[in-house]
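Engineer: Following this message is one structure expressed as structure tokens.
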Amino acid sequence: MLDYVALCLLHLVDNPSRERPLGSEDVKPRVSGHWGCVPGITRLLASLTDASATLAVTPRVVLGTGHAGAAWLAWSFYCGALAARGYPPTRDGLVTLCRDFGTVMPTEISADWPGVAWAGGALGHALGVAQGISVASPEPVVVIIGDGEFETGSTLASLLAPIEAPRARQPLVLVNLNAQRMTGSSILGRLTPGERRALVEPLGWATTEVTSSDLDGLSRQIVAGLSHADRPHLIMLRSEKGEGAPPLPDGTVTVGTPRVHKAPMRRLSTAAAVEWLDGWLELYQPQTRFNADGRLRVQSRLADHARLIVEKSGPTLVMGDAGNAGSSKLAMSNRSGKRSDASTISHGLVEIAAAKAGLVVACPDELESNQLEALRQTGHNVYEQLSEEQCVTYAMGATLAGQPAWFISYIGFMLYANPILNQHFLQISSRRQRDQNAVQLARLTIILTSLGWSNVYSHRDDSGLAMLTSLPPGLCSFLLPHDAHDIYDSLDQSGTPVECVVYDKWEPPSPPADDIDHLGVKHWYLGDASGSGSDIGLIVLGNSHTRTALEAALVLSQKTPVHVSAPTRLVLAEKGLQEAATNSIVVSSFSRAITESMLHWIPIELPSQPLMRVLVNSQDAVTAEAVRRASRCRVSDLVTAGEQLIG
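Have a look at this one:
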């Protein structure tokens, strides 16, 4: 049944029940989507439905195969999960779905489809995301990947997780082993069954293989995998790519070859091609698929359970900022004026983490280097593996299951997390486009501790941070704390789904306490107690630069009044969204907020740093030569630059 529905989606605009011989007017001018992966995916979904119904459990499913859009929609249509979207499981509903597939809706797995927590995109991240969901969710988790995705470095890194976290529950992994990539045989397909077991079993995975002709055996193996959560299970379904496709009109066999990756015939522009498709559809007896009233014939037990799985598999959303204001009772008391004894930002983060319910922490082997090793004693799920990609997918998976997560790394290594984070943001945007009032995911907090230093050349790459500063409004905010109090006052207060905390782990002494904090910006006035008439203004980003700027300002204030401004809370948002960010400054209104009455402003931060680029671009009073002189952020350079401006 699922193969039949998927075949209709790819090829037809009408007549799916074949009430009349198929004609050219019933056929799409060009095939939509991909057939090659469909048979294996539909068999895995059908057997998973049968197995979970047998066990009376409702697992969450993550589908890593982006090309499997037709298979996922066929399953969702069969069980009625698409009815609320205008595609009821009827003959007319299937006609509408066929016409919309590839036109008003994408053919790849989409984040705004029912049951889709992770839409893939770049291959390799589904297993890591599923692992994060698994540790943050009470339900069993199943991830389906193809043997092509199995080859990616990200997937292979994720397979190491049982060794790093032996007590963490792993998802059940189902591999669609059709032995073919897009243009040739897969590496996994070239190995023998023994070699495949030898590849993954030493990593802790109990591995079995089943053929597509033994679906009862596949269901039994899935039952076993779901029943024994004490050991990770990986099941490979051996099949031929594009199973079920008949030979072409000229006799060419495409099943099991790269030619069937998309479809055996991409254009059906001849009478012979339409007749060939008509014969293929007839193999599924389409006239028997609907009742007299036009409803799809289904097995109620399986359809009902499949619908439960689809409903469970989507992201767990939180109302408003519930679950994100994770600064807990401890932090709330601090916000009320009761200060902790914590003297450092790192200490403050650990205190908040300890009192934050359900937190998941992922860090690529840098907790000690980042002076956050005490997070291991908080009782939370703390995952360390030397892979930025694995750690960020793990953390994102936790947020998809409704739990807050921290991803901790260096600014210079953020570029390795960029592709995955970009997918995360695209999917958030996709869901928002469908429903502007949609509730949001639990927050992902990115903590970057390498501000102001680099020990190797690669640490100087700021492209990862640049991606965050170029996002559409409302997706990301920045916290640049100067001390633990800024952490208590501001963490989790932005209202954005992702928050980026940037500071220097080698924390300088806290700045003077006689500052004025307004709209997320700290101000110090030197040489002019009234705070007006300053000739020099220093814009400071980050705790390490604040100390440098204040030392330079102290020297310059002997000659002229100096105003030091240090933004601590930045939200990338349109002006109208400022009210949504508690005590934060909206970057688009930066110049109006802090540059009134200022004659000169020198940004104190390497000009290449993307955060400073955002600020500089939002105001007009920056002198290029002063920026050049100030770029190294040394006291002597700042004093020289300031003297040049006033002299």
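Be aware that the sequence shown starts at 1, since it is given in full-length UniProt numbering, and climbs by one per residue.
Glycine residues also receive a C-beta, built at the ideal position from the N, C-alpha and C atoms.
Please read these numbers as outputs of a predicted model, since none were measured by experiment.
(1) For H523, which of helix, strand or coil comes out of DSSP?
(2) Thinking C-alpha only, which one of H233, V61, P247, F407 is nearest W276?
(3) Can the beta-carbon of A71 be found closer than 8 Å to that of L2?
(4) Per the contact definition of three or more C-beta pairs closer than 8 Å, is the stretch 101-110 in contact with the stretch 134-143?
(5) Suppose the cutoff is 7 Å on Cβ atoms and the five residues either side in sequence are ignored; what does the same chain contact list for S158 look like?
(6) Return the bridge partner residues of C363 from the DSSP annotation.
(7) Taking contact to mean 3 or more Cβ pairs, one atom from each stretch, closer than 8 Å, check whether the stretch 266-274 and the stretch 35-44 are in contact.
(8) Rounding to the nearest angstrom, what Cα-Cα distance links I163 and S490 in this structure?
(9) Hey, out of T560, G542, L538, S565, whose CA is closest to D637's CA?
(10) Are the stretch 28-38 and the stretch 277-284 touching by the rule of at least three beta carbon pairs closer than 8 Å?
(11) Is I420 near L475, with beta carbons less than 8 Å apart?
(12) On a CA-only basis, which of T58, R20, L94 is nearest A74? Give me that one, please.
(13) Return yes when the Cβ of G148 is within less than 8 Å of the Cβ of S185, no when it is not.
(14) At 3 residues or longer, what runs of the beta strand (DSSP E) sit wholly inside the stretch 56-138?
(15) For I345 versus E499, is the C-beta spacing smaller than 8 Å?
(16) Pick out whichever of L480, L44, K522, G527 has its Cα sitting closest to the Cα of I236.
(17) Measuring only from the beta carbon, is L480 closer than 7 Å to any heavy atom that is part of the ligand PLP?
(18) Just checking my contact of Q170 with P232 at CB under 8 Å: how many whole Å lie between their CB atoms?
(19) G242: buried (16+ other C-beta within 10 angstroms of its C-beta) or exposed?
(20) Report the three-state DSSP secondary structure of L479 (helix, strand or coil).
(21) When DSSP labels each residue in this structure, what does N176 get in the three-state scheme?
(22) By a C-beta neighbour count over all protein chains shown, 10 Å radius and 16 as the cutoff for buried, is P166 buried or exposed?
(23) Short of 6 Å in beta carbon distance, which residues of its chain neighbour A331, apart from the five on each side in sequence? Order them along the chain.
(24) Considering Cα atoms alone, identify which of F77, T96, C79 is closest to L12.
(25) Count the CB pairs spanning the stretch 249-256 and the stretch 50-64 that are closer than 8 Å, and state whether there are at least three.
(26) CA-CA distance, V361 and D504?
(27) Does DSSP put K575 in a helix, a strand or coil?
(28) Can you tell me whether DSSP reads R259 as helix, strand or coil?
(29) Using a Cβ-Cβ cutoff of less than 7 Å, which residues in the same chain neighbour L556 once the five nearest sequence positions on both sides are dropped?
(30) Using a 10 Å radius around the Cβ and a threshold of 16 neighbouring Cβ atoms, would you call Q287 buried or exposed?
Structural biologist: So, from the listed chains and residues:
(1) Residue state, collapsed to three classes: strand.
(2) P247
(3) yes
(4) no
(5) L127, G128, Q131, Q390
(6) DSSP, once it has assigned bridges, lists E384 as partnering C363.
(7) no
(8) 36 Å
(9) L538
(10) no
(11) no
(12) L94
(13) The answer is no: Cβ separation not under 8 Å.
(14) 60-63
(15) No, the pair does not count as a contact, with Cβ atoms beyond the cut-off.
(16) The sequence shown places Met at residue 236, not Ile. It is L44.
(17) Absence of the ligand PLP from the depicted structure is noted, as is the absence of any ligand whatsoever, leaving it without description.
(18) The pair is a contact, with the Cβ atoms about 4 Å apart (cut-off 8 Å).
(19) buried
(20) strand
(21) strand
(22) Burial check for P166: the Cβ neighbour count within 10 Å stays below 16, so the residue is exposed.
(23) Unreliable positioning characterises A331 in this predicted model, as indicated by a pLDDT of 44, which lies under 50. The coordinate reading is nonetheless provided below. Correct list, in chain order: I352, Y488.
(24) T96
(25) no
(26) 19 Å
(27) Note on K575: pLDDT 43, under 50, position unreliable in the model; the coordinate value appears next. Reduced to three states, the DSSP call for K575 is helix.
(28) helix
(29) Contacts found: I536, V562, V639, G642.
(30) exposed
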